[in-house]
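**Student:**
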Amino acid sequence: MDNNLLAQIVFYSFAVLTVGSAAVVVFSKSLIRSAFALLFTFFGVAALYAFLGADFLAAAQMVIYVGGILVLLLFGVMLTHKLYDLNLRSETFQFVPALVVAAAVFAVIVTFMLRTSWHTGPPASDAPTTAAIGELLMTDYILPFEAASILLLVAMIGAAMIVRRRSE
Amino acid sequence: MNPQLLLDLQKFYPELALTAAFLCVIVADIAFPRIRKRLTFAIAALGLAVAFFLSLPLIGEPAGTIFSGSLALDEMAVFFKCFLIATSLLVLLAAPGSKELSQRHMGEFYMLLLGVTLSMLLLASSVDMLMLYLSLEMVSIGSYVMVGYLKNDRQSNEASLKYLLFGTVATGAMLYGITILYGLTGTTKIALLREALATNIATGENAAMLLIATALIVAGFGFKTAAVPFHFWCPDVYTGAPTPVTAFLSVAPKAAGFAILIRFFFTGFAESGSPGSWTAFSFIDWRLLIIVISVVTMTFGNIAALRQNNIKRLLAYSSIAHAGYILMGTVVLNSQGLQSVLIYLITYLFMNLGAFLIVIEIFNRTGSFDIDDYRGLSRRSPFLTIAMTIFMLSLMGIPPFAGFFGKLYVFGAAVNNDLAWFAVVGALNSVISVYYYARVIRAMIIEPGRETSLIPLPWTSHVMVWIMLLPTVGLMLFWNDIQQLTMSSLRLFLG
Amino acid sequence: MIGLGHFLVISAALFSLGIMCVLTRKNAVNVLMGVELILNSANINLVAFSKFSAGNMSGQIFAIFIIVIAAAEAAVALAIVLSMYRIIKSVDLDRADTLKG
Amino acid sequence: MQSIAELLGLLPGYSSIPETYRALIPVVVSCVVIFACMALAVLFAVWLERKVSAHIQDRLGPMYVGGWHGWAQTLADAVKLLLKEDIVPASADKLLFKVAPFVVFLGAFAAFVVIPFGASSFVADLNIGLLYVFAVGSLSVIGIIMAGWASNNKYSLYGGMRAAAQIISYEIPSAIAIMTVVIPVGSLSLVEIVNAQQGGIQNWFIFRYPPLVFLGFIIYFIASLAEVNRTPFDIPEAESELVAGYHTEYSGMRFAFFFLAEYANMFLVASVATALFLGGWTWFVPESVVPQFIPGPVLFFGKVLALVFVQMWLRWSLPRLRVDQLMYLSWKVLLPASLALVLGVGWVTVYW
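Protein chains in written order, with the numbering used here: chain A, 1 to 168; chain B, 1 to 495; chain C, 1 to 101; chain D, 1 to 352.
1. If you draw a straight line from the alpha carbon of A:G68 to that of D:S138, how long is it in whole angstroms?
2. In angstroms, rounded to a whole number, what distance separates the CA positions of D:A100 and D:M146?
3. Any C-beta of chain B within less than 7 Å: which residues of the segment 148–163 of chain A qualify?
4. In terms of residues, what are the limits of the beta strand (DSSP E) holding B:L73?
5. Helix, strand or coil for B:R194 per DSSP?
6. Bridge partners of D:N229, per DSSP?
7. Report yes if the C-beta distance between A:F14 and A:A58 is below 7 Å; otherwise report no.
8. For B:A21 and B:A44, which I take to be in contact (beta-carbon distance under 8 Å), what is that distance rounded to the nearest angstrom?
9. Excluding five sequence neighbours on each side, which residues of the same chain lie with their C-beta closer than 6 Å to the C-beta of D:I167?
10. Where B:I293 and B:P229 are concerned, what is the direct C-alpha to C-alpha distance, given to the nearest angstrom?
11. Just to confirm, is the Cβ distance from D:F105 to D:F257 under 7 Å?
12. Should B:S182 be flagged as near chain C, meaning a C-beta pair shorter than 7 Å?
13. According to DSSP, simplified to helix, strand and coil, what is B:P275?
14. Determine the extent of the alpha helix (DSSP H) in which B:A311 is found, giving its start and end residues.
15. Quick test of the definition: if touching needs 3 or more C-beta pairs under 8 Å, does the segment 146–158 of chain D touch the segment 83–103 of chain D?
16. Please list the residues of the segment 47–75 of chain B that have a C-beta atom closer than 9 Å to any C-beta atom in chain A, keeping them in chain order.
17. Under 7 Å, do D:E287 and D:N153 count as touching if we go by C-beta distance?
18. Note down the Cα distance separating B:T486 from B:S335, rounded to an integer number of angstroms.
19. Is any heavy atom of the ligand GDP found at a distance shorter than 6 Å from the C-beta of D:L126?
20. What is the residue span of the alpha helix (DSSP H) that B:G474 lies within?
21. Against chain C, with Cβ distances strictly below 7 Å, would B:K224 count as a contact?
22. Taking the C-alpha atoms as reference points, what is the distance between A:V110 and A:V96?
23. If the criterion is Cβ atoms closer than 7 Å, does the pair B:L164 and B:Y144 meet it?
24. Using the three-state DSSP reduction, which class does D:S151 fall into: helix, strand or coil?
25. Within this structure, are the beta carbons of D:L188 and D:L276 separated by less than 7 Å?
26. Looking at the strands, I want to know which residues DSSP matches up with C:A92.
27. List the residues of chain B whose Cβ lies closer than 7 Å to the Cβ of C:I69, in chain order.
28. Rounded to whole angstroms, what is the Cα-Cα separation between B:K254 and B:T225?
29. Helix, strand or coil for D:G107? Go by DSSP, reduced to three states.
30. May I ask you to report which of helix, strand or coil DSSP gives B:G64?
31. Would you check if the distance between the CB atom of B:E108 and the CB atom of B:G240 is smaller than 7 Å?
32. Tell me the residue span of the alpha helix (DSSP H) that contains B:W286.
33. Give me the chain C residues within the contact set of B:I303, using Cβ-Cβ distance strictly less than 8 Å, ordered along the chain.
34. Which residue's Cα is closest to the Cα of B:T19: A:L151, A:E135, A:D55 and A:T129?
35. According to the neighbour-count rule (16 or more other Cβ atoms, all chains shown, within 10 Å of its Cβ), is B:I446 buried or exposed?
36. For B:D128, list the residues DSSP reports as bridge partners.
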């Protein structure tokens, strides 16, 4: 790669963006800022996918996570609080013990992950993945694909049933 | 179309029947508003019954996988298909008799029940980690909605929220473990894990990574089977959920969880050729680990049940304890141990559903789940009292009822495999459980109640109680058949 | 050169941040955000392994299904949270306290 | 981007720049070019909108600034906007308030990267091009909610939430309608899709499998109108109810960004429709009959303008829908219709 340095700069900036905004999600005192920080986390993760050559997945991440899940979460925040409540404080509890636990989890996982000799092969090529994914979804993964449609149907009807008003 | 796909579809008829019923219920619920209550019930019951009879011809099919290695088709898969469909059918038949469920939206309830049943069938026979995770989430998401079915009821809602939060975190952690396993082996097929791992865990670091992955995955299974320390959700959810849902959750997803637990560890980790050996990865004492979980689970469940006044809560803790007993069977991971698990599940199905059925009937009349309100029940409804007593005795493990044989098998499997002390712990636990089950019996029979009016029992409920009662009492008559059935169900696909 | 390790560290960081979020937050919606972090971390793992380690597409396919599941889960979760808000006018988890024992 | 890099290579001394930085330059230059084109197009569109609306209402519109039909009116407006004081309301969430316009703008702007204006005039030919358009489009939704919330004004919040609900509802039928083109081509790349339509008007997808793809075009066009919040789907910024929706509190430069994003989005959906259904930069008749004497980009822009004109025409002809009608249209009319179309197109593609 001739622009190796450039690639590294871009990678590290996206890594910092991802982890940094995730930290904002976790530590921010304002609920709504947590939610908006999630936008940058999802965006950063999509960029990481692009780095890994998973172009279809990167776009899917943006469409579904940012355009769907994050919007849902934001609606969730806004519909469950009184309007004008800009300083939505999100309280925390067990802060220090949880910090210790999370730090321990991080330390353990990272230590062993870096020491593990992963089953490594040559990196997969960066060929476009869309066609291959479509092919696999219709052949080897046809059952999960169909099952996922049932899942979505159950989730959709279930969610609609729960939020529907009691009148009728 | 791919010819292999068509062949696979022929072995997929039970699931297809359920899917068809699932879709028909949705359409019927919308299209025929006048008769939808009965129509959706009929479709759901018909679908389950058809699915049950379509599973029977699969017995004796050569073991293999279908859909490019997504699902296993072996005797055990068929056993669990039948078991899970039967459970759902029984719950379905009991559901209209419950006043808790809002009669208006029964169509959605049946839809959810069918959807969750379908997902459980997929879960119990998954041999691909993707299919495993997907179907686990399908079961979970359907269950969250079922628990929160009484959407205007505060308890139901809280139960649903707690279930959801615990569930998403537990399955999230499990997923992380699965990804690590994928990284270690480069495959998502459970059957290929063992070989890939055997060449891969030579170094200590890899073993540690595997350990972390396994711990995370066990958390997911522990959540589904409500084993300590992943049981927190269980009492609250069982109490808050509508009673038919509680009955369903306490049997079906648990059984599916055990099915996939056995399948995952047996085909993925244990050494091939010699059932009963965890020795492939000897750096961790698997048996001890599961023994500890099992002992803690049953002891905790039994002790916590002692001080419950709410019958649903009591049964919730008792179901935790029973999960402990079942785990005991998985410790002895040979054919005898696994057979005992299957037998225990069969007995547990009838006695537990029966107990919940009576809880439903009593709630319909008294509107209470307090054990104190069971006082004087013997005067008000002798039939219910006798039936409940039999279910309680069976849950205790008193002969000659079904529960006794289940326990006998589990303890026997432990004794036969040099774990006599383990069986003793189990037996001691059963002794503890006698106390709280007996409390229910005492309240019903001995203690006088204020109300004396008779409890009317519709004929449908009569029939339902008998359906549960007969196997609980008479299972031992067919003991040889059950032994043979469960024995033949153990021909796992190990390819 | 950017290798597998870089991605694994990011994913571990997201995972622990997600755990942290789940453990500390009282607000139900906020807890769900933590869950999304956990799912994203698992996805990074899968895609990274798919490229560097397994050399097959199954990791990416798995990741797609996880995204789909996350969407379904979020829909149901928010429905339940909204329903709870309608009943007790709060989404703080310590207000969900009628079930104790 | 390739052609830009080649053009830049003609500059004296260009090759003496270190490789690492040279890789960046075409990216920056193409961004600037797109931005400039977009700004010009928006200026023109705003003027056009004024004129179209005026003539539909049988009046003349601005006539003085600049001479012929007041062509410089929007320039004057732009200068006014940029010179205005940039007000941040005292009770707003300052950080989010300031970020929101840029997020919205980024969503509109980044999508132009994959639009093929001509046979070689595009920044990138991503093989997931169409999906990418939808992906960055979802950024604007978040930006709109952000603006609505951060303003701390209930009209803004309602506007923002209405807009978000509307956009995500209509994204579904429009995405499915696009499948009517993607299925026969077998690619998500916009360049490939346009290439598949070469050879005259009869090869444009709008006339493929009549009337299936034509109906797909209609569904896409309606849904895209709603996605850019144009009348008759402009309830997020319905003046009579919500003042101006999510950008009520904005002024000066930040308001200009919203304005820019709004018109850029009009061009974006028109461009996508042109590339997908109207043959993109391709000529009306087979080149063997009449050679193409208009450059591709001009042809493309002409088709886009025609669609933009229709958008304006609709705005001044149709009344606004109610919220429930809006949702009804999306979920109960467009969605089933587009699903049926996809089934039809799939069937035709496979078995015909």
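Glycine included, each C-beta is placed from N, C-alpha and C at the ideal position.
**Tutor:** Result, derived from the coordinates:
1. 8 Å
2. 6 Å
3. A148, I150, L151, V154, A155, I157, G158, M161 and I162
4. L71 to L73
5. helix
6. Beta-bridge pairing links D:N229 to no other residue.
7. no
8. 6 Å
9. V141 and E227
10. 8 Å
11. yes
12. Going by the sequence as given, residue 182 of chain B is Tyr instead of Ser. Yes, B:Y182 lies at the interface with chain C (some Cβ there is under 7 Å from its Cβ).
13. Bear in mind that a pLDDT of 48 at B:P275, under 50, signals an unreliable position, so the number given afterwards is only what the model happens to contain. Coil.
14. Looking at the sequence provided, one finds Ile at residue 311 of chain B rather than Ala. I311 to V331 is the extent of the alpha helix (DSSP H) around B:I311.
15. yes
16. I66, F67, S68, G69, S70 and L71
17. no
18. 10 Å
19. Because no ligand of any kind appears in the structure shown, any question about the ligand GDP cannot be addressed here.
20. W459 to G474
21. no
22. 21 Å
23. yes
24. coil
25. no
26. Checking the displayed sequence, the identity of residue 92 of chain C turns out to be Asp instead of Ala. DSSP lists C:N27 as partners of C:D92.
27. L134 and E137
28. 5 Å
29. helix
30. strand
31. no
32. W286 to L306
33. What B:I303 touches in chain C: nothing, since even the nearest Cβ is about 13 Å away.
34. A:L151
35. exposed
36. B:K189
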